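Heads up: the protein sequence lines correspond to chains A and B, in order. The opening position of the first sequence corresponds to residue 71 in the working numbering, with each subsequent residue numbered one higher. The opening position of the second sequence corresponds to residue 1273 in the working numbering, with each subsequent residue numbered one higher. For each residue, glycine too, the CB sits at the ideal point set by N, CA and C. Owing to the predicted nature of the structure, the values given are computational and were not obtained by experimental measurement. A short worksheet on the structure shown next.
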Amino acid sequence: MADEFLVFDHVTKRFGALTAVDDVSFSVKKGEFFSLLGPSGCGKTTLLRMVGGFERPDTGRIYLDGKDITDAPPNMRRVHTVFQNYALFPTMTIWDNIAFSLRLAKKPQEEIDEAVDAILEMIRMSDHAWKYPSQLSGGQKQRVAIARALVDHPQVLLLDEPLAALDLKLRQHMLLELDTIHDQVGSTFVYVTHDQGEAMSLSDRIAVMNRGKVEQLDTPAKIYEAPKTSFVASFIGDTNFFHGEIVSVEGDYCFIQVAGFPQIKAYNDKKLSVGQEIDLSVRPEKIRLSFTPPRPEEGAAINVFPSKVKDVVYQGVYTKFWVTSSGLQIQSLQPHSRFLLDQEPITWNDEVFVWWHPDDGYMVECAK
Amino acid sequence: MREVNTNPLRTRKAEWCLTTPSFLWLAVFFVIPAVIVLAFTFHGHDASGGVGAWSMSTWRELVDPDYPAIVWNTIRISFEVTLWSIVLAIPSAYAIARMNPRWRAIVAGSIMLPFWTSFVVRVFAWKTMLHPDGWLQACYIVFLRVRGWLFDWLPGFCQQFLVWLGLASSGPVDPATSTILDSETAVVLVSVYSFLPFAIMPIYTAAEKFDFSLLEAARDLGAKNFYAFRKIFMPGIRQGIVSAVLMVFIPAIGSYVIPQMLGGTNCVLIGNKIFMRAIQNRNIPHASALATLMAVSVLIPIGLAMWWKRRQDLRGKRRLEAQTARLLMTTAEGGNAS
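Put into structure tokens, the structure is as follows:
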């Protein structure tokens, strides 16, 4: 039961000719921090609005804690939303905003006072209780919106890109805050975002969505390290794709022939046989770059390709290189070690070697 | 670089230049005429319709036993008209604001459409529609019957109170003598028709700026549709409602064309009396005194309402200050303890 707290059962929603959500089925666990991640227009917000009760699926059902909530109006669900624009009531004080749901539930006054004061304390906004929303900063409004949605202990808290309107520093701060709040209240959080960084750092599990479908549902690490499809691999972080055909299999490994490129050795994760086509994804940070080819103990002479540097972008933490090798563009991230300025820099048009270990590549389903 | 002007004398000069035209306009077309009207009330009148010498005779003549009833009727009818206009305008404005932009422009435009025709012509058209052989007359008889039936159900003291307020009359309905034309109902009906655009427009302007996702948020937090409408939408468009009330109530108080053409002898308002004294009786001072009386009787309640509102705001502010002070004190105590 706990594993199937919020269940989507073959949910489809169309807007005219557009299928926003296309036969989606999955379930969210109780107490989980769950993210719906995808580019704009992928159907994540529509899915969230269906849980909130603001949209009705054309087909399929939605269950919450074993009950069918598909047709329940928003006010009959114990599900609250934190809206992207906060949607705080401008004519009410912060205190009244937070007390709104408790007053509707006709809770006794002492209970309301206690609950509101406690949650104000939790978001460290007790000093601002009698202010109006217009007197608060973006981050403060955000915290009030979360408190207002959490005060009556909803079964599920829906967060619709809640950090999108904040600046970078504040966003990082609010990420930590959200994480703390989730630990404190232990409710189920469903978080919608297009920012993979937010989703990765907060979530227990992520559903990556594209064109109305869930492409992959997994833990952040699995989604990053073992993306199922080329869409997931490219949406979560940067990656290099090598599209080719398997020409030979050697134990757990195989050799892939990419047109016009030397053969690439890779771990045959999908147990493919000779002749099959595959996309191999190699993350830029796994691709090494040097003036001299690696010594044999560093990875033998496998997957070492001479190439030419096309572009260099210094980014402080690392340097990003774009090189071409046998006509292919390859992206590589080099972390800095020791004192960077003392080293002979690799720069534009240098002849270098790129190389990676056969285990560094990951096979994904070909893009359709 | 542009220099920021901090010279107080220059700023003040600019302020004067900007405000003088509007002050002049108000002085010439509002203050001076109002003072003249007030001055006329302390003059007598002569037989040729002119203004006579300084005297208190006009004010002494004002103790006509009809006047209090007429003033009361005018305020009551204006109030009724305002109430109906607002009640109809709020849902209309809400509906228009929620339409898609194309329909919104069409509907908002058609609300303003009647203004392309002369006001008097439109009231005259109503006179035809309210003809005793018309279908509105039939509706009116039904309305009177239902009202009489409801009235009979009320306990005696309620009946007396309503009669005293002028909101009802006892006795059976006689279709032959009860015509909607020349009745108070006709005046209220056509006044609401005439003033409704003035109520819809300010409320619509406020509703258009209203963030409708707030209603969604309220529903999300457990509010029913109507509750969200009442507690979130209505306070959100409060400014619009306030200006709508003023936009309807003030012209309703001064209206005389509608009661003149549709009220007959059953619905004489202060506007008609002023018109009668000024044009028919050629007694300008008397008309001026009536106008002054009316203005004062409207300004006093508005003034009282504003005073009450300010007192409430002040109280709220004091309560807020007290709360902050108490909070600061508890924080300080907590700080001392630790």
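My understanding is that residue i touches residue j, with C-beta atoms under 8 Å, so please give their C-beta distance in whole angstroms.
{"i": "ILE1358 of chain B", "j": "ALA1471 of chain B", "result": "6 Å"}
{"i": "LYS340 of chain A", "j": "PHE325 of chain A", "result": "No, LYS340 of chain A and PHE325 of chain A are not in contact; Cβ-Cβ is about 14 Å, not under 8 Å."}
{"i": "ARG358 of chain A", "j": "TRP425 of chain A", "result": "5 Å"}
{"i": "CYS1539 of chain B", "j": "SER1455 of chain B", "result": "7 Å"}
{"i": "TYR1476 of chain B", "j": "ALA1365 of chain B", "result": "4 Å"}
{"i": "SER273 of chain A", "j": "SER105 of chain A", "result": "4 Å"}
{"i": "VAL278 of chain A", "j": "GLY397 of chain A", "result": "At roughly 31 Å, the Cβ-Cβ gap does not stay under 8 Å, so VAL278 of chain A and GLY397 of chain A are not in contact."}
{"i": "VAL1520 of chain B", "j": "ILE1349 of chain B", "result": "Not really, about 12 Å apart at Cβ, beyond 8 Å."}
{"i": "THR289 of chain A", "j": "ASP230 of chain A", "result": "Actually they are not in contact, since the Cβ atoms of THR289 of chain A and ASP230 of chain A sit about 23 Å apart, beyond 8 Å."}
{"i": "PRO404 of chain A", "j": "THR417 of chain A", "result": "Looking at the sequence provided, one finds Gln at residue 404 of chain A rather than Pro. That belief does not hold up - the Cβ atoms of GLN404 of chain A and THR417 of chain A are roughly 12 Å apart, past 8 Å."}
{"i": "HIS1315 of chain B", "j": "TRP1326 of chain B", "result": "6 Å"}
{"i": "GLY431 of chain A", "j": "LEU350 of chain A", "result": "5 Å"}
{"i": "ILE139 of chain A", "j": "ALA217 of chain A", "result": "Actually they are not in contact, since the Cβ atoms of ILE139 of chain A and ALA217 of chain A sit about 24 Å apart, beyond 8 Å."}
Does the separation of the CB atoms of residue i and residue j fall below 7 Å?
{"i": "ASP464 of chain A", "j": "HIS80 of chain A", "result": "In this structure chain A extends from 71 to 438, so residue 464 of chain A is not present and cannot be described."}
{"i": "MET433 of chain A", "j": "ILE348 of chain A", "result": "yes"}
{"i": "THR115 of chain A", "j": "VAL262 of chain A", "result": "yes"}
{"i": "ALA1500 of chain B", "j": "LEU1487 of chain B", "result": "yes"}
{"i": "LEU228 of chain A", "j": "VAL260 of chain A", "result": "yes"}
{"i": "PRO203 of chain A", "j": "LEU158 of chain A", "result": "yes"}
{"i": "THR258 of chain A", "j": "TRP200 of chain A", "result": "no"}
{"i": "VAL439 of chain A", "j": "PHE312 of chain A", "result": "Residue 439 of chain A lies beyond the residue range present for chain A, which begins at 71 and ends at 438; the question has no answer from this structure."}
{"i": "PHE78 of chain A", "j": "HIS252 of chain A", "result": "no"}
{"i": "VAL1343 of chain B", "j": "SER1569 of chain B", "result": "yes"}
{"i": "ARG1549 of chain B", "j": "ALA1559 of chain B", "result": "yes"}
{"i": "PRO1404 of chain B", "j": "THR1451 of chain B", "result": "yes"}
{"i": "ALA1380 of chain B", "j": "ILE1368 of chain B", "result": "yes"}
{"i": "VAL379 of chain A", "j": "ASP420 of chain A", "result": "yes"}
{"i": "MET1578 of chain B", "j": "ILE1542 of chain B", "result": "no"}
Let me see if you follow: with CB-CB separation under 7 Å, is residue i close to chain B or not?
{"i": "TRP165 of chain A", "result": "no"}
{"i": "GLY65 of chain A", "result": "Beyond the ends of chain A as shown, which are 71 and 438, falls residue 65 of chain A; an answer cannot be given."}
{"i": "ARG84 of chain A", "result": "no"}
{"i": "PHE170 of chain A", "result": "yes"}
{"i": "LEU174 of chain A", "result": "yes"}
{"i": "THR116 of chain A", "result": "no"}
{"i": "GLY130 of chain A", "result": "no"}
{"i": "THR250 of chain A", "result": "no"}
{"i": "THR161 of chain A", "result": "yes"}
{"i": "TRP200 of chain A", "result": "yes"}
{"i": "GLY440 of chain A", "result": "The structure shown has nothing for residue 440 of chain A, since chain A only spans 71 to 438."}
{"i": "TRP418 of chain A", "result": "no"}
Establish whether the CB of residue i and some CB of chain A are separated by less than 7 Å.
{"i": "SER1485 of chain B", "result": "yes"}
{"i": "ASP1585 of chain B", "result": "no"}
{"i": "ARG1491 of chain B", "result": "yes"}
{"i": "LYS1481 of chain B", "result": "no"}
{"i": "LYS1285 of chain B", "result": "no"}
{"i": "ALA1495 of chain B", "result": "yes"}
{"i": "ILE1504 of chain B", "result": "yes"}
{"i": "PRO1469 of chain B", "result": "no"}
{"i": "PRO1637 of chain B", "result": "It is not possible to answer for residue 1637 of chain B, since the shown part of chain B is limited to 1273 through 1610."}
{"i": "ALA1594 of chain B", "result": "no"}
{"i": "ASN1608 of chain B", "result": "Interpretation of ASN1608 of chain B is limited by its pLDDT of 45, a score under 50 that renders its predicted location unreliable; the figure taken from the coordinates is listed afterwards. Closer than 7 Å: no."}
If we require 3 or more residues per run, which beta strand (DSSP E) segments fall completely within the region 370–421 of chain A? 374–384, 388–395, 398–405
Below 8 Å, how does it come out for the region 1291–1300 of chain B and the region 1527–1535 of chain B: are there three or more Cβ pairs, yes or no? no
Would you call the region 279–293 of chain A and the region 95–107 of chain A touching, i.e. three or more CB-CB distances under 8 Å? yes
Which runs of the beta strand (DSSP E) spanning at least 3 residues fall entirely within the region 215–300 of chain A, listed in chain order? 226–230, 258–263, 275–280, 283–288
What are the residues of the region 139–159 of chain A that lie near chain C, defined by any Cβ-Cβ distance shorter than 7 Å? Absent from the structure: chain C. Protein chains present are A and B.
Using 8 Å as the Cβ pair cut-off and three pairs as the minimum, do the region 134–152 of chain A and the region 189–204 of chain A touch? no
As an exercise, report each continuous alpha helix (DSSP H) stretch of at least 4 residues that is fully enclosed by the region 307–337 of chain A, in chain order. none
Which runs of the alpha helix (DSSP H) fall wholly inside the region 1540–1573 of chain B and span at least 4 residues, in chain order? 1542–1547
Touch test, the region 1338–1348 of chain B against the region 1584–1593 of chain B, Cβ-Cβ under 8 Å, three pairs minimum: no
Count Cβ pairs between the region 164–178 of chain A and the region 217–232 of chain A that sit closer than 8 Å; are there 3 or more? yes
For the region 310–322 of chain A and the region 290–298 of chain A, state whether three or more C-beta atom pairs, one from each stretch, are separated by less than 8 Å. no
Does the structure place the region 1544–1556 of chain B close enough to the region 1369–1384 of chain B that three or more beta carbon pairs sit under 8 Å? no
Every unbroken alpha helix (DSSP H) within the region 1449–1526 of chain B, with a cutoff of 4 residues, ordered by chain: 1456–1481, 1485–1492, 1497–1500, 1510–1526
Decide yes or no for the touch test of the region 1496–1513 of chain B against the region 1423–1436 of chain B: beta carbon pairs closer than 8 Å, at least 3 of them. no
Alpha helix (DSSP H) segments (min. 4 residues) lying fully within the region 94–149 of chain A: 114–122
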